[in-house]
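Take 41 as the starting number for the sequence shown in my numbering and just add one per residue.
Note that the Cβ used here is the ideal one computed from N, Cα and C, for glycine as well.
For reference, the structure is listed below as structure tokens.
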Amino acid sequence: MTQAPDRYWRAAEPKAAYEVVIVGAGGHGLATAYYLAKNHGITDVCVVEKGWLGGGNMARNTTVIRSNYLQDESAAIYEYSLKLWEGLEEALGFDMQFSQRGVLHLIHDLSTRRSSARTVNANRLNGIDAELLDAQQVKEFCPIISVSPDVRYPVIGGTLQRRGGIARHDKVAWAFATAADRLGVDIVEHAEVTGFVREGAAVVGVETSRGTIRAKTVALVAAGHSSVLASMAGLRLPIQSHPLQALVSALYEPVLPCIVMSNAVHVYVSQADKGELVMGAGIDAYNSYAQRGSFHVIEHQMAAAVELFPLFAHAQLLRTWGGIVDVSPDASPIIGPTGIPGLFINCGWGTGGFKATPASGWVFAETLAPGVPSDLARPYALDRFSSGALIDEHGAAAVAH
Ligand code: FAD
Ligand code: PYC
Numbered sequence: 041m042t043q044a045p046d047r048y049w050r051a052a053e054p055k056a057a058y059e060v061v062i063v064g065a066g067g068h069g070l071a072t073a074y075y076l077a078k079n080h081g082i083t084d085v086c087v088v089e090k091g092w093l094g095g096g097n098m099a100r101n102t103t104v105i106r107s108n109y110l111q112d113e114s115a116a117i118y119e120y121s122l123k124l125w126e127g128l129e130e131a132l133g134f135d136m137q138f139s140q141r142g143v144l145h146l147i148h149d150l151s152t153r154r155s156s157a158r159t160v161n162a163n164r165l166n167g168i169d170a171e172l173l174d175a176q177q178v179k180e181f182c183p184i185i186s187v188s189p190d191v192r193y194p195v196i197g198g199t200l201q202r203r204g205g206i207a208r209h210d211k212v213a214w215a216f217a218t219a220a221d222r223l224g225v226d227i228v229e230h231a232e233v234t235g236f237v238r239e240g241a242a243v244v245g246v247e248t249s250r251g252t253i254r255a256k257t258v259a260l261v262a263a264g265h266s267s268v269l270a271s272m273a274g275l276r277l278p279i280q281s282h283p284l285q286a287l288v289s290a291l292y293e294p295v296l297p298c299i300v301m302s303n304a305v306h307v308y309v310s311q312a313d314k315g316e317l318v319m320g321a322g323i324d325a326y327n328s329y330a331q332r333g334s335f336h337v338i339e340h341q342m343a344a345a346v347e348l349f350p351l352f353a354h355a356q357l358l359r360t361w362g363g364i365v366d367v368s369p370d371a372s373p374i375i376g377p378t379g380i381p382g383l384f385i386n387c388g389w390g391t392g393g394f395k396a397t398p399a400s401g402w403v404f405a406e407t408l409a410p411g412v413p414s415d416l417a418r419p420y421a422l423d424r425f426s427s428g429a430l431i432d433e434h435g436a437a438a439v440a441h
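Right under this line is the structure:
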């Protein structure tokens, strides 16, 4: 993990009080701070981070960006995000190596072909670019994939979102931090939130390892640890934390022009501009807060990758790592008020929140500023787990849960 150069933003000393305190300097927390300042003129904002900026999932993910989700509510927020991505480098004045090279999901069986056709049709109805390919078209789009019928999981087709892509994740964190800092936001690293300041039922600040910080609004954006933080305020969230692992190969000649995902064999892979193959796995099945997982998961993932791409047998493993993702029962995020006055939450993005970074920040800022959920956030309210209005995205989340 690259530690961020500190020339871009000030390492702030926390003040005693702010209008808004955001807990977690991952992508979503930093984007929220930026859009609070930029879109709503709220600059008296502090982002507190227990480690270093972007040291959580933000710079541990495999950077897949796409919007081809099944449900209308998801299509709305992820497509909003993709549109923001398309103008983000210009808006933030930062090269983030955003590259729309196409995301291909492989189909290995007839039932997946039927569900994929449904998703492609739903995507098109929502104005999202999506194509259903046969095996030959898969081979034409990504020549190094084996479409031999003799492998354990033959490729019989695929879905393609050409506008899907990747970006360099640490640069995205640094870009939002730099832009927020320029607008007056304080970013305080190495300040772990250990409790909340209460006045009656309301939350009016946070206790941190660097002292008490009071705030009119406290916003939890601490992926992987949201249930731990919420429990400090007496709130039990329907969230499970799991390790999710990834790896990179040593530098490899350019062979992979697009992003390829296969939910059946639990592997997704792209090739970074420098040449490393970047690959991820399904989640480790047990709950954990440690940023590491079990070796057998990546062993299985590498076996799957070599079967799909025989060429990868020549690649050398460089390093592996893990992050902690927070998964909700319907594999969709939770955004909005918590029921505790002064306390808001944005969590549960699970294995898919990198792509959502700009929209997550945008809609959360749009919710925090007036104190009521914005239109895009409303379906993601916490009360859907009692009302039953779930947004089931297990299939389109595209990573095995
Ligand atoms: P984080 O970067 O984790 O930010 C949360 C921050 O809160 C952390 O910095 C943490 O230190 C801080 N924090 C926690 N507790 C406290 C506390 N008590 N006090 C102060 N600070 C605290 N998504 C995609 O869309 N595409 C992908 O290809 C993809 N691949 C992934 C691959 C892996 C291996 C992993 C782990 C995740 C992947 N994801 C992907 C998911 C994505 O990374 C997350 O959903 C998203 O990054 C979560 O938002 P965040 O960036 O704000 O989280
Ligand atoms: O959400 O597209 C995704 C993804 C890919 C790898 C992990 N998550």
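Heavy atom of the ligand FAD within 7 Å of residue i beta-carbon
i           : result
residue 358 : no
residue 137 : no
residue 141 : no
residue 342 : no
residue 402 : no
residue 65  : yes
residue 208 : no
residue 285 : yes
residue 24  : Look at the range of the chain in this structure, 41 to 441, and you will see that residue 24 is not part of it.
residue 61  : no
residue 150 : no
residue 389 : yes
residue 100 : yes
residue 291 : no
residue 263 : yes
Reduced DSSP secondary structure (H/G/I, E/B, other) of residue i
i           : result
residue 43  : With a pLDDT of only 47 at residue 43, under the threshold of 50, the placement of this residue in the model should not be trusted, and no figure is reported.
residue 341 : helix
residue 275 : coil
residue 111 : coil
residue 89  : coil
residue 196 : coil
residue 380 : coil
residue 117 : helix
residue 283 : strand
residue 125 : helix
residue 347 : helix
residue 402 : helix
residue 392 : helix
residue 229 : coil
residue 136 : coil
residue 131 : helix
residue 244 : strand
residue 76  : helix
residue 334 : coil
residue 359 : strand
residue 328 : coil
residue 365 : strand
Nonlocal neighbours in the same chain, by C-beta distance under 6 Å from residue i, ignoring five residues either side
i           : result
residue 46  : The predicted position of residue 46 is uncertain, since its pLDDT is 48 and thus under 50; no value can be drawn from it.
residue 422 : 374
residue 102 : 286, 318, 320
residue 402 : 75
Closer than 7 Å: residue i CB and nearest the ligand PYC heavy atom
i           : result
residue 469 : No answer is possible for residue 469: the residues shown for the chain start at 41 and end at 441.
residue 320 : yes
residue 395 : yes
residue 12  : Nothing about residue 12 can be read from this structure; the chain reaches only from 41 to 441.
residue 301 : yes
residue 120 : no
residue 48  : no
residue 109 : no
residue 58  : no
Neighbourhood of residue i by C-beta, 8 Å cutoff - its chain only, sequence neighbours within 5 removed
i           : result
residue 59  : 82, 84, 85, 255, 256, 257
residue 399 : 117, 118, 120, 121, 124, 416
residue 54  : 86, 88, 226, 228, 231, 248, 250, 251, 253
residue 218 : 48, 49, 132, 134
residue 347 : 186, 191, 192, 193, 305
Contacts around residue i, its chain only, beta-carbon distance under 7 Å, and the 5 residues preceding and following it disregarded
i           : result
residue 435 : 110, 155
residue 169 : 201, 202, 203
residue 433 : 109, 110, 111, 114, 370, 371, 372
Continuous alpha helix (DSSP H) stretch holding residue i: start and end
i           : result
residue 186 : Neither: residue 186 is in no alpha helix (DSSP H) and is coded neither H nor E.
residue 210 : 209 to 222
residue 152 : 150 to 165
residue 178 : 175 to 181
N- and C-terminal bounds of the beta strand (DSSP E) containing residue i
i           : result
residue 8   : Given that the chain is displayed from residue 41 to residue 441, the structure contains no residue 8 and the question cannot be resolved.
residue 144 : 143 to 147
residue 311 : 307 to 311
residue 292 : Here residue 292 belongs to no beta strand (DSSP E), and DSSP marks it neither H nor E.
residue 256 : 251 to 260
residue 58  : 57 to 63
residue 321 : 317 to 323
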